[in-house]
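Going down the list, the protein sequences come from chains A and B.
Here our numbering is used: the first residue of the first sequence is 3, the next is one more, and so on.
Here our numbering is used: the first residue of the second sequence is 3, the next is one more, and so on.
2 protein chains.
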Amino acid sequence: MLLGQVGDYLSQERKIVIIGCGAGGGTAAQFARKTDRKASITIIEKDKNPQYSKCGLPYAISGIIPNFDNLIEFSEDWFKRAGIDLLLETKVEKIDVSKKVVIANKGDNVIEKTFDSLIIATGAKPLIPPIENIQDQGKLINGVFVLRTIDDAKDISSSIIKGKKVTIIGAGLIGLELAESLYKKEMKVTVVEALPSILAYTVDQDLSKIILDEISKKVEIFTNHIATKIENDSDKVTKVFVEDKRNGTEKEIQTDLLVIATGLKPETTLAKDTGCKLSKKEYIIVNNNCETSVKDVYAIGDCTEFKDFITKKSIPIGLGSIAVRQGISAGTNAAGGNYTLLDGFLQTCTSELFNMEIAAVGSSDENLVTGKFNGLSLPHYFPGGKPITIKVFANKDGKILGAQAIGDNAAQRINTIAAAILGNLDIETFRRLETAYAPPIAPTLDAITLACDIISAKLRKRQK
Amino acid sequence: MLLGQVGDYLSQERKIVIIGCGAGGGTAAQFARKTDRKASITIIEKDKNPQYSKCGLPYAISGIIPNFDNLIEFSEDWFKRAGIDLLLETKVEKIDVSKKVVIANKGDNVIEKTFDSLIIATGAKPLIPPIENIQDQGKLINGVFVLRTIDDAKDISSSIIKGKKVTIIGAGLIGLELAESLYKKEMKVTVVEALPSILAYTVDQDLSKIILDEISKKVEIFTNHIATKIENDSDKVTKVFVEDKRNGTEKEIQTDLLVIATGLKPETTLAKDTGCKLSKKEYIIVNNNCETSVKDVYAIGDCTEFKDFITKKSIPIGLGSIAVRQGISAGTNAAGGNYTLLDGFLQTCTSELFNMEIAAVGSSDENLVTGKFNGLSLPHYFPGGKPITIKVFANKDGKILGAQAIGDNAAQRINTIAAAILGNLDIETFRRLETAYAPPIAPTLDAITLACDIISAKLRKRQK
């Protein structure tokens with residue numbers, strides 16, 4: 003049986019099909035609707051939930067967000083009211099570009115949707131590292147989890163037992179956000195990281211060390227360790243073996259639960275079959291208008307690579323804030339509007355871990371000149387100032403290219419640096435910026451200014 | 003008797019004299035020392051305190067800062083250790099530019115200080131409006147105060163009686179900061195403002211209204227009213243008469259204390275006598291290097307006017323953050339270094355009033371295009387989001403020229419806009435900026451982005 007075709011043939015309006023209803027896909031639908039009030043817009047989503055916040059999952063596990071349903075940002079009803087046809091639990095089997103038709107299955111029904119513009123927002127799935135015994139017949143063994151979807155989060159949530167042990171493989175943002183959630187649920191948490199430092203893709207080793215020292219008070223962390231093997235009892239994980247990469251020493255960690263948080267793998271099989279150009283790592287390559295190499299086919303979000311603002315090298319996206327901006331662009335363009343993105347991504351990112359706010363933007367290339375300042379958020383004479391550490395990166399000509407921060411309002415301070423990068427500001431100009439001052443709010447010279455003063459002094463010394 | 007001359011004659015080093023040890027003067031001394039380790043640096047200050055925070059005074063009155071001495075940012079001892087000669091309770095009588103000598107009195111002693119460079123940082127004093135009976139023989143009558151110095155603040159502080167009435171004339175930042183302090187001390191506070199809105203020099207009427215509505219829950223505020231006359235009993239204020247400017251209606255307000263916070267008048271008699279060019283309003287006019295019209299004489303802080311970054315019109319300084327930046331420039335330049343300020347001031351400013359953070363930057367000219375957004379500091383699904391209202395101003399070409407904000411992290415958000423103004427960014431570029439996103443910290447699209455989206459939509463509509 004073919005559903006959905008009758009409406010297609012009757013109408014003359016623009017037809018937009020979006021595959022995937024994550025942050026990118028949902029936003030694209032919204033902006034397509036804003037751009038063309040008459041367009042036929044269809045989202046095809048393989049899971050059962052409409053657009054929800056993946057980034058919110060750790061906080062629903064910890065209970066800060068009291069209910070998983072709260073994570074749903076736009077309900078089925080919302081899409082209905084916006085005149086967007088949302089097909090849930092519907093899996094796209096094939097994209098026929100020559101006929102401009104998407105063929106999908108919903109249960110036993112085959113659905114064909116013709117399109118003028120297609121937006122691929124298929125996202126990514128967790129990367130499962132080669133740990134012995136982690137899978138049985140292609141499925142993770144009992145007690146082993148990933149954290150990507152609401153269902154994953156509910157599975158973890160229902161397995162939490164106060165006082166029991168959980169091991170998380172991967173000390174990136176998601177691994178550590180989850181570590182905090184499970185610590186708050188009074189589990190005994192161990193984190194295993196293969197790299198020499200935690201949050202290695204977010205901050206430099208010196209800042210990483212500050213965070214490690216703080217987190218280590220609550221959670222056991224092994225850096226430089228890789229998980230090699232799992233032991234189970236009655237098909238449930240009981241132990242994980244880890245190996246110290248520096249000397250080969252093996253250690254076994256008793257554990258009741260194991261969560262894999264070692265990164266993502268793009269979902270790009272459909273895009274590949276459609277002829278979209280992929281990167282070496284199999285991400286879809288897109289331009290500043292979110293166009294793929296195939297005419298009328300756009301791609302956005304975690305399944306794509308796009309250039310870095312500073313280096314112009316192609317990099318995987320992997321941030322909700324970027325997926326949303328790509329969604330705005332692709333949705334607008336697919337509906338006949340015009341929204342070109344900036345010439346690359348700054349990768350502004352933030353997280354709160356164990357009461358520390360952490361944020362970063364831009365480049366932290368080791369050849370750059372750095373200025374690091376540790377200070378307080380308030381003038382010294384005003385009570386309640388909170389620590390802030392900020393590290394700014396500039397090239398030898400003094401152009402600001404990046405920053406990392408930990409502490410009070412790290413994210414907002416990083417936003418200011420992000421604006422400075424976008425505005426092509428150099429250290430000498432930016433350090434003269436009047437930042438807002440009032441005793442209960444900020445000192446006359448903010449930490450961002452003082453970090454830049456250090457770079458200025460280094461550069462002047464070099465000139466001598 | 004002549005003090006201080008012997009050292010002058012013996013040394014060949016550069017001699018820098020600074021008049022005034024406020025934020026500007028103290029900072030200038032510090033940066034002069036950084037620039038020239040051997041220079042002879044003298045600060046002459048008429049009051050008895052070394053550099054302290056004037057902006058902190060309301061918080062010492064409220065008790066948040068537990069002790070007035072805490073406000074002292076750099077002690078006499080600090081200046082001594084830095085090799086800076088700080089002469090307190092010393093009043094400059096005359097500057098002889100031809101001989102490059104400053105003549106001052108300390109008690110009965112006459113001090114002569116020769117200089118190679120002179121920095122005038124004489125500040126400003128409260129403007130006393132023409133209210134009948136406010137002064138007796140040139141002095142404010144009992145119960146009437148101003149708030150400019152530590153002594154003023156101590157006087158107010160020692161007059162506070164819980165449950166008694168205080169009237170504050172002027173609803174600018176200082177008037178309202180003080181209103182909050184006295185409210186916290188459980189006084190009954192009335193504020194009288196001649197203009198139609200409070201904080202008229204900081205925010206537009208629409209934002210002012212939000213603040214007024216909040217403050218009015220705690221403090222009685224009369225806008226459009228001017229104080230005309232004071233009544234006293236046994237030489238102590240008992241009543242103030244105010245007149246509604248709109249219809250001439252008179253009202254009498256019973257009051258135990260009265261504080262004047264209607265602005266400042268520059269202290270520029272010395273500068274004028276020295277031949278420094280003054281503005282119509284009698285502020286010293288300075289250039290981007292803090293030089294006055296007289297060779298080797300610099301001026302900084304509240305006694306100066308400097309151009310606005312956007313309009314390039316000359317405006318009084320009046321902000322501690324600017325005084326400090328001028329101090330850096332004048333101190334460095336006077337000591338043979340080179341520190342040119344930005345080409346005008348952005349006037350970034352902030353305050354916290356009754357738990358509302360308020361901030362502003364740049365221009366709010368009524369001919370500009372505005373985008374105002376009311377939102378939350380966090381995604382809707384995350385508990386604890388705080389209100390934020392932000393209004394951005396751009397010209398018809400979309401160039402960002404100003405912003406005002408109330409609420410969560412208003413100051414930091416305004417700093418980001420300040421960086422955008424400095425970087426000459428337009429709305430279309432800035433609204434594409436990736437701001438830091440994480441559920442516990444900020445939504446995917448921050449209020450600053452959404453305010454700019456509104457401007458973008460208005461400008462696109464105009465183009466059609």
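Ideal Cβ positions, reconstructed from N, Cα and C, are used throughout, including at glycine.
Only a predicted model underlies this, so the values are computations on that prediction, with no experimental measurement involved.
Can you tell me whether residue i is helix, strand or coil according to DSSP?
| i | result |
| --- | --- |
| Ile443(B) | coil |
| Cys292(B) | coil |
| Ala62(B) | helix |
| Thr418(B) | helix |
| Lys40(B) | coil |
| Leu4(B) | The pLDDT assigned to Leu4(B) is 48, lower than 50, so where the model puts this residue is not dependable; a value taken from the coordinates is nonetheless given after this. Three-state result, Leu4(B): strand. |
| Ser55(A) | coil |
| Ala126(A) | strand |
| Ser377(A) | The residue you asked about is not Ser; residue 377(A) is Gly in the sequence shown. Note: Gly377(A) maps to strand in three-state DSSP. |
| Gln32(A) | helix |
| Thr352(A) | strand |
| Ile133(B) | coil |
| Asp235(A) | strand |
| Gln14(A) | coil |
| Glu430(A) | helix |
| Lys460(A) | helix |
| Thr451(B) | helix |
Roughly how many whole angstroms lie between the Cα atoms of residue i and residue j?
| i | j | result |
| --- | --- | --- |
| Gln349(B) | Ile423(B) | 12 Å |
| Arg16(A) | Leu129(A) | 37 Å |
| Leu4(B) | Asn51(B) | In this predicted model, Leu4(B) has a pLDDT of only 48, less than 50, meaning its place in the structure is not dependable enough to derive any value. |
| Gly333(A) | Ile255(A) | 48 Å |
| Asp38(B) | Ala336(B) | 9 Å |
| Ser316(A) | Lys309(A) | 4 Å |
| Glu75(A) | Lys388(B) | 18 Å |
| Lys297(B) | Thr116(B) | 15 Å |
| Asp258(A) | Lys241(A) | 8 Å |
| Pro268(B) | Glu284(B) | 7 Å |
| Glu354(B) | Pro441(A) | 9 Å |
Using the Cβ count rule (16 or more neighbours within 10 Å means buried), how would you classify residue i?
| i | result |
| --- | --- |
| Ala106(A) | buried |
| Val410(B) | One point to set straight first is that residue 410(B) is Asp, not Val, in the sequence displayed. It is buried - the Cβ of Asp410(B) has at least 16 other Cβ atoms within 10 Å. |
| Ser42(A) | buried |
| Ala459(B) | exposed |
| Thr271(B) | exposed |
| Gln14(A) | exposed |
| Asp153(B) | exposed |
| Lys56(A) | buried |
| Thr92(A) | buried |
| Lys219(B) | exposed |
| Ser379(A) | buried |
| Glu359(A) | buried |
| Asn417(A) | buried |
Can residue i and residue j be called in contact, C-beta distance under 8 Å?
| i | j | result |
| --- | --- | --- |
| Ile121(A) | Leu89(A) | no |
| Phe311(B) | Gly346(B) | yes |
| Gln406(A) | Asp206(A) | yes |
| Ile262(B) | Glu245(B) | no |
| Val104(A) | Val94(A) | yes |
| Lys279(B) | Thr294(B) | yes |
| Val194(B) | Ala181(B) | no |
| Thr204(A) | Leu175(A) | yes |
| Phe395(A) | Leu370(A) | yes |
| Ile66(A) | Pro381(B) | no |
| Asp304(B) | Gly320(B) | yes |
| Val326(A) | Leu447(B) | yes |
| Gly26(B) | Ile302(B) | yes |
Please confirm whether residue i has its beta-carbon closer than 8 Å to some beta-carbon of chain C.
| i | result |
| --- | --- |
| Val205(A) | The displayed structure is made up of protein chains A and B, and chain C is not among them. |
Under 7 Å from any heavy atom of the ligand HEM, does the C-beta of residue i make it?
| i | result |
| --- | --- |
| Asp298(B) | With respect to the ligand HEM, the structure shown offers nothing to examine, as it has no ligands at all. |
Any chance you could list the alpha helix (DSSP H) runs of at least 4 consecutive residues sitting entirely within the segment 135-215 of chain B, in chain order? 152-161 and 175-186
If you scan the segment 312-347 of chain A from start to end, which runs of the beta strand (DSSP E) of 3 or more residues do you find wholly inside it? 316-318
What runs of the beta strand (DSSP E), each 3 residues or longer, lie entirely inside the segment 59-111 of chain A? 86-89, 93-98 and 103-108
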